[in-house]
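Beneath this line is the structure, given in structure tokens, with notes to follow.
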Amino acid sequence: MVSLPSLKTLMLQRVRYLNDETLQRLLSNCPILEDLVVRLREYGDTMQKLTVVVPSLQRLTLYIPYNHELYEYVIGTPSLKYFELVDYIDNDHDGLIENMPYLIEAYVDCCCPDIYCLMVSKTSVKRLTICSVV
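The number in the numbering used here is simply the position in the sequence shown, starting from 1, with 388 added.
Written as structure tokens, this is what we have:
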């Protein structure tokens, strides 16, 4: 695995991940990462659990298309200030979003209303935008 000790910004668009641990293994080798954008592929991805645990992360954008086979995501980002989640999966899936004590702004656009309820209950968000298809 590659080590990126000076990387502060990372954008991953339509990357094919080998398994559920690939993304988190990459992120664990970016100790000062501050800005992350992840746009998952629409088809042909084997990732079913997305994990983003990055203590230094300040801005996170996740885009999950409607036809992705994701069943769970875990987000642990204690330094996060800005969070954008676009989650168009309309089937039931779990989202564990925790430890965001410094969150200033969040934008949540999702088909699963339980996700933003969970997020809002565990943060001190100051500005919140919610778009939802119920």
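For each residue, glycine too, the CB sits at the ideal point set by N, CA and C.
The Cβ-Cβ distance between Tyr-470 and Glu-486 does not fall below 7 Å.
The distance from the Cβ of Leu-448 to that of Leu-424 is about 5 Å, consistent with a contact at the 8 Å cut-off. Straight across, the Cα-Cα distance linking Pro-393 with Val-440 is about 17 Å. The residue among Val-462, Cys-498, Tyr-476 and Asp-497 with its C-alpha nearest the C-alpha of Met-488 is Val-462. Ile-420 counts as exposed, since fewer than 16 other C-beta atoms from the protein chains shown sit within 10 angstroms of its C-beta.
In the structure shown, Arg-447 adopts extended strand secondary structure according to DSSP, grouped into three states.
Spatial neighbours of Leu-458 in its own chain (CB-CB distance under 8 Å, excluding positions within 5 residues in sequence) are listed in chain order as Leu-428, Met-435, Gln-436, Lys-437, Leu-438, Ile-452, Ile-477 and His-481.
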